[in-house]
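Here the protein sequences come in this chain order: A and B. Those letters in the first sequence? Residues 1 to 141, by the working numbering. Those letters in the second sequence? Residues 142 to 251, by the working numbering. Idealized CB from N, CA, C, for every residue including glycine. Owing to the predicted nature of the structure, the values given are computational and were not obtained by experimental measurement.
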Amino acid sequence: MNQPVRIVFPVSEISLKIADEIFDVIARIATSDAKKRHHILTVLSEAFNNAYIHGDKVLSDGGIEFEAHFDENKFYASIINRGKGFADSKMKGYSVDTDIAESGRGLKIIKELSDRVDFKQVDGNRFGIFLEFNLSSESGY
Amino acid sequence: MDIHKRYEGDVAILQLDGQLNLTSASTLKEASKEVLANDTKKMVLNLEKVDFINSSGLGALVSILKDVRNARASMKISNLAPYVKEIFDITQLSNIFEIFTDENKAVASF
């Protein structure tokens, strides 16, 4: 998968299930290390969930875009959608020490389980999460 | 997600099987509401067969905990797989929920 893989998902609930199935396959291709594989799957799922929940469903005529590619021992992925995304979400003020809020933990999970994450505005009105995973570090449970 | 419900004495045990995410969260919340509606005051969620959890799944568990507290009931969680425990630890929900390594210990703790 040296060439980028690009998938555009319609903004609908069934896409959540389909995306998770695809992310699981991609994570299995990426690494045989169970822990790293789970990290990749969890982060991609979390980022896609966020795009679905916080994205603008009216304006998301272009769908939710997922891109991924490998480069040497690294795996790169991005998820782009129209909408506010993580940066403007309630997560900014989330306190894991005291809160028992029902939402707001996705960003923490993404930051902890990926090796690098960037949030960028794309083309003015789209918002993207850009992820990097180092595949050379074997971790294991 | 499949949810298998059974009772050990006055303790309701919900055994969860599958992925705990946005699409399954409402199923779990409904199942727990049914338990509380039956005036059950003790509940164990056995997560042994949960093979994936994300923030939406965690949100469902927190929602259930709130319902349990409002009902003046008590809830324990048991049998976290390593990858599920890792997510609990990252989000520090390990400090909020009462978590046990196995179901018997969770039941005995009431």
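Check                                                                                                                                                                                                                         : Outcome
Is any heavy atom in the ligand ATP found nearer than 6 Å to the beta carbon of B:Leu188?                                                                                                                                     : Ligands in the displayed structure: none, and consequently the ligand ATP is not present.
For the stretch 179 to 198 of chain B, list every residue whose C-beta sits within 9 Å of some C-beta in chain A, in sequence order.                                                                                          : Phe193, Ile194, Asn195, Ser196 and Ser197
Mind listing the chain A neighbours of B:Asn162? Cutoff is C-beta to C-beta under 8 Å, in chain order.                                                                                                                        : Leu16, Asp20, Ser45 and Asn49
Just list the alpha helix (DSSP H) runs in the stretch 147 to 214 of chain B, keeping only unbroken ones of 4 residues or longer that don't cross its boundaries, in chain order.                                             : 163 to 178 and 196 to 211
For B:Gln156, count the other beta carbons within 10 Å of its own beta carbon; 16 or more makes it buried, fewer makes it exposed. Which is it?                                                                               : buried
Whether or not the stretch 20 to 40 of chain A and the stretch 128 to 138 of chain A are in contact is what I'm after, with contact meaning three or more pairs of Cβ atoms, one per stretch, closer than 8 Å; do they touch? : yes
Using 10 angstroms around the beta-carbon of A:Glu46, count the other beta-carbons present and answer buried if the total reaches 16, otherwise exposed.                                                                      : buried
Beta-carbon separation of B:Ile218 and B:Phe238 under 7 Å?                                                                                                                                                                    : yes
Where B:Thr181 and B:Glu171 are concerned, what is the direct C-alpha to C-alpha distance, given to the nearest angstrom?                                                                                                     : 14 Å
Cα separation between A:Arg6 and B:His145?                                                                                                                                                                                    : 39 Å
With 7 Å as the threshold, decide whether the Cβ of A:His69 is near any Cβ in chain B.                                                                                                                                        : no
Alpha carbon to alpha carbon, how far is A:Asp123 from A:Ile80?                                                                                                                                                               : 11 Å
My parser needs the alpha helix (DSSP H) runs of 4 or more residues fully inside the stretch 19 to 58 of chain A; what are they?                                                                                              : 34 to 54
Quick one: list the residues of chain A neighbouring B:Thr232, beta-carbon separation under 7 Å, in chain order.                                                                                                              : Val96, Arg105, Lys108 and Ile109
Consult DSSP for B:Ser235 and reduce its assignment to one of helix, strand or coil.                                                                                                                                          : helix
Which stretch, first to last residue, makes up the beta strand (DSSP E) that contains B:Val248?                                                                                                                               : Here B:Val248 belongs to no beta strand (DSSP E); instead the alpha helix (DSSP H) covers Glu244 to Ala249.
Got a sec: which bits of the stretch 222 to 250 of chain B sit with their beta carbon under 7 Å from any beta carbon on chain A, in order along the chain?                                                                    : Pro223, Tyr224, Ile228, Ile231, Thr232, Gln233 and Ile237
Specify, as a first and last residue, the run of the beta strand (DSSP E) that A:Gly128 falls within.                                                                                                                         : Arg126 to Asn134
Please report the distance separating the alpha-carbon of A:Phe178 from that of B:Thr164.                                                                                                                                     : The question about residue 178 of chain A has no answer here: the residues shown for chain A are numbered 1 through 141.
Less than 7 Å separating the beta-carbons of B:Leu188 and B:Leu234?                                                                                                                                                           : no
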